[in-house]
Structure formats: structure tokens, C-alpha cells
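Please read the structure below before turning to the comments.
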Amino acid sequence: MDVSVIFERLTEAFWLNCKLFGLTLAFSLPLGLVVAFGSMSRFKPLAWLSKTFVWAIRGTPLMLQVIIIYFAPGLLFEMTPWGSGASGRLFACTIAFVINYACYFSEIYRGGIEAVPKGQYEAGKVLGLTRGQIFFKVILLQLVKRIIPPMGNEIITLIKDTALARIISNKEIIMMAQEYAAKGLIWPLFSTALYFLIFVGVLTLLFGWFEKKMDYFHV
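Numbering (our numbering), first residue to last: 961 to 1179.
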């Protein structure tokens, strides 16, 4: 088979990995902040519920969560909210990824917020700022500075985890390459590493640049 055709099909399959990556990041980053606020809430039942949910999600495999979210509605209620076909499978997979990574990001957010000296909050109150103003005008930049390294690690892990989409037959790049391997053509399987390495390399450079841009802000 023509090598250019194989790479074209692999590239098309990798686009699914990229879509899953982008959708997960777009929704899990803000959701993670909401979950973090829930875990830090002074309302004990909400804090307990948030922490228990985070513990359950972080303590079970992402692969299992994808399977449960995709199949459970049909098995329990004889209906599926995801729709049929490839779009439905991608939708279900995205929901599972968003929930999973929101919980991981929430712990990063929580650690970053709690690491900010309490004197910063007190200074904001003295200046007459509301809690919202204190967070956005005083805490946020310090939080961003602190969470860049751990957040970068999780985001890099996310692009590799997108390969788990294949568990519910989303034809991502590794699944596509395995189809060629089943036909006796092994090199496409190894070549998938190049796609991930390039993507991870770009992310690494991006986070390195962003971290340097934040160097002016000492914490």
C-alpha cells in the first residue's frame, strides 16, 4: 500500500485524538476550578461530597470510567443520551475525559490556592475588596504561577490518554495502526509514536515559554 495513503489515514485518525484533547481541556479546566471551590467550601456537606467524588474518580481507571459512561445508560435505562455512530462514541468519551481530568485539575487548583499566603487574603480585605475581587485581582496570578508545572504534566498526560478512546471503538490513531498490523504491516504502529512525540514536544515548548513569561511575577 502507498506510504502516503497510510500516513494520510493515520493523520486523519490522529485528528480524533486532537479533538478529544481540545474538548477535554476546554471543559475540564473551568469545571476543575468549580470542583476545587466545592472541595474548599465552608459548607461541610458540599465539601465532603466534592472530596468524595474526586476520590472516587481519581481512584478508578479512566478506561473503566469511559466504559461505564458509554454503556451504563443503555444497560440501566434502556436508552442512550450519546446518540449513535462515531459522533455518539466521541461524545461519551469526551464526557468521561472531562469528568476525570476536572477532578485531577481540581486538586492542582486547590493546592495552588491553599499555597498562597493567608496574608494576601487579609490584605485584600483591608483594602475593602470582595472575595471575588481578591481572587481575580490578587490570588489568580499567583495561582497561575504555582500551577503551571503540575498542570503542564497533566495536560501532556492527557494527549497520551486519548489513545484510551479506542476502548469504545473510537478510531483514534493507534487503533488505525493496529488494523494495519493485523494485516502484517507493523511500521504504521511504531510510526504513531512520532505523532505523539511531536505533539508533546510542542506542548513542552509552549509550557516552557509560558513559565518564562511568568518569571516576572515572583511568588
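Here a beta-carbon is modelled for each residue, glycine too, at the ideal position from N, C-alpha and C.
| query | result |
| --- | --- |
| V1086, enclosing alpha helix (DSSP H) - first and last residue | 1078 to 1086 |
| Which of helix, strand or coil DSSP assigns to M1237 | As displayed, the chain neither begins before 961 nor continues past 1179, which places residue 1237 out of reach and without an answer. |
| Terminal residues of the alpha helix (DSSP H) in which M1136 lies | 1133 to 1142 |
| Sequence-distant residues of its chain with Cβ nearer than 7 Å to L1124 (five each side left out) | L1022, M1023, V1026 |
| C-beta contact flag for V1098 and G1088 at 9 Å | no |
| Rounded straight-line distance, which links the Cα of K1078 to that of F974 | 45 Å |
| Which of helix, strand or coil DSSP assigns to W1169 | helix |
| Length of the line joining the Cα atoms of Q1080 and A1052 | 41 Å |
| First and last residue of the uninterrupted alpha helix (DSSP H) at R1126 | From DSSP, R1126 is part of no alpha helix (DSSP H); its letter is neither H nor E. |
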